[in-house]
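Single-structure report; data block below.
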Amino acid sequence: MSLSGFTSPWWLAFLIIVACLVGGYVVAQRLRQRNVLRFTNLAMLDKIAPRRPRAERHVPAVLLLVGLALLTIALASPTKEQREPRDRATVVLAIDVSLSMEATDVLPSRLIAAQEAAISFAEGLPRGLNLGLVSYAGTASVLVPPTTDRAPVVRAIEQLELAERTATGEAIFTSLQAIDALAAIIPGEEGPPPAHIVLLSDGKQTVPADMDAPRGGFTAARLAADRDIPISTIAFGTMLGTVAIEGQVIDVPVDEPSMQEIASITDGNFYAAATQAELEAVYENLESQIGYEIVRGDASQPWLILGTIFVAASGAIALFVSRRIP
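The opening residue of the sequence shown carries number 11 in this note's numbering; numbering runs sequentially from there.
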C-alpha cells in the first residue's frame, strides 16, 4: 500500500521507533548471552535458571513488536476502495413502447419482459437517487418526473401501453428536459446532480427516418454529449422478431448499430439483450455502475484489532513463560 493510501501517513514515522526497539532487543539478547557465558558455575546456573527453548523466550517480544507495528499502521489511518450508494444523481429510464415490442421472440413478449426487468432495476437503485420514466413510440412522454419515490415509477412501468412508430430522438430530448426540470428546482451550491439516461429500444427509429435529422437520435445524442450526460443503450430482442399488424406478419429485428452509436457519441455503455435473463443482467450491471460509486474509506479497524490481539497475546505468553501464572 502506497503512502497515498493513508489519511495520516506521518504516523508511519513511528515505525522507526519500532525498528529501533527491534535492534535494541537483538543487542540486549547478545549481551545477555555474553554475560551468561561468564558465569563459571554452570551446574548452579542450571538449577537457578532452567534452560528453556530459545524460540519460546523470544515469542512475547516478537508479538509485542509486531503488535506495535500493526497499531502504528492503524494510527496512520489506511484507506481502501469501497462501494457506496450514490445519494446525489438523476437517472432517466426511457422505454420503447412501439408496436414491435409486442414480438414474442423474447418470452412472454418483449414488452412484458422489459417491464419486469425495469421494475427490478427501479427497486434496486439506491433510494437517494432521483429516477424518472419516459416512454416513447411516435412521440415521447415523461410518465414520472425524476423522484426518489419508486412507487409511481413502478406503477407507470406496469401500465405501459404500445403505440405506433419509434421516435428515438424524441426519447432523448424528452429525457434531457426531465433532467433540466429537476435541476432547476434543486437548491444548493453544488449545482445540479450528475445525470444518466438509460435508453431501451428494440428497433430502428422511424420518426424521423434519418438519425441525423434535427430531431433524430444521433442529433439528440450529440446534445447529451455536449452536456456531459452519458446515455447507456440497450438493444432488446433478436433478429427473428415478428409482429402481426392488420393481419400482416412484419419482421421487427433488433437494431443494434444505432444503439451502439448513441452510446458511443455520449460515452455511455452499449448492451445487447436477447432474453429477459440477459436484460436483467444488464440492468444489474447498470445499477452497479450508476447507483454506486467507488470511494476511499477507512480501513484501520482490522489493523487495530490485530495489533491489540498481538499485544495482548504478548503479555499473556510472557506471564506464562516466566511462570507468573499459578
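Each residue gets a CB set at the ideal place from its N, CA and C atoms; glycine is no exception.
- Shortest Cα-Cα distance from Gln39 to any of Gly247, Gly142, Val72 and Pro19 involves Val72.
- Spatial neighbours of Met221 in its own chain (CB-CB distance under 8 Å, excluding positions within 5 residues in sequence) are listed in chain order as Thr178, Gly179, Gln215, Gly227, Phe228, Thr229, Ser268 and Glu271.
- When the beta-carbon positions are compared, Ser211 and Thr176 come within less than 8 Å of each other.
- Rounded to whole angstroms, Gly138 and Arg306 show a C-alpha spacing of 20 Å.
- Taking the CA atoms as reference points, Thr82 sits about 7 Å from Phe24.
- Counting only residues of its own chain and dropping the five nearest sequence neighbours on each side, Ile255 has a CB closer than 7 Å to the CB of Leu109.
- Across the structure, Ser310 and Gln299 are spaced so that their CA atoms are roughly 27 Å apart.
- Looking at the backbone, the Cα of Ile327 and that of Leu74 are separated by about 10 Å.
- Within the model, the alpha-carbon separation for Phe330 versus Leu41 is close to 24 Å.
- For Val102, the enclosing beta strand (DSSP E) covers residues Thr100 to Asp106.
- Note on geometry: alpha-carbon atoms of Ala194 and Thr158 lie some 16 Å from one another.
- A Cβ-Cβ contact shorter than 8 Å links Val208 with Leu103.
- Annotated three-state conformation of Asp261 is strand, per DSSP.
- When rounded, the separation of the alpha-carbon atoms in Arg67 and Ser324 is 11 Å.
- For Ser298, the uninterrupted alpha helix (DSSP H) segment begins and ends at Gln286 to Gly301.
- Cα atoms of Ser119 and Glu288: separation of roughly 14 Å, rounded to the nearest angstrom.
- A buried status is given to Trp313, since no fewer than 16 other beta-carbon atoms sit within 10 Å of its beta-carbon.
- A Cβ-Cβ separation of about 6 Å places Ser130 in contact with Glu290 under the 8 Å criterion.
- In the structure shown, Leu153 adopts extended strand secondary structure according to DSSP, grouped into three states.
- By the 16-neighbour rule on beta-carbons within 10 angstroms, Gln92 is exposed.
- Within a 10 Å sphere around the beta-carbon of Ser185 sit 16 or more other beta-carbons, which makes this residue buried.
- Within 10 angstroms of the beta-carbon of Asp238 lie fewer than 16 other beta-carbons, which makes it exposed.
- Asn140 has its alpha-carbon roughly 18 Å from the corresponding atom of Ala181.
- Residues of the same chain with a CB within less than 6 Å of the CB of Leu85, apart from the 5 flanking positions on each side, are Trp21 in chain order.
- Under the three-state reduction of DSSP, Asp308 is assigned to strand.
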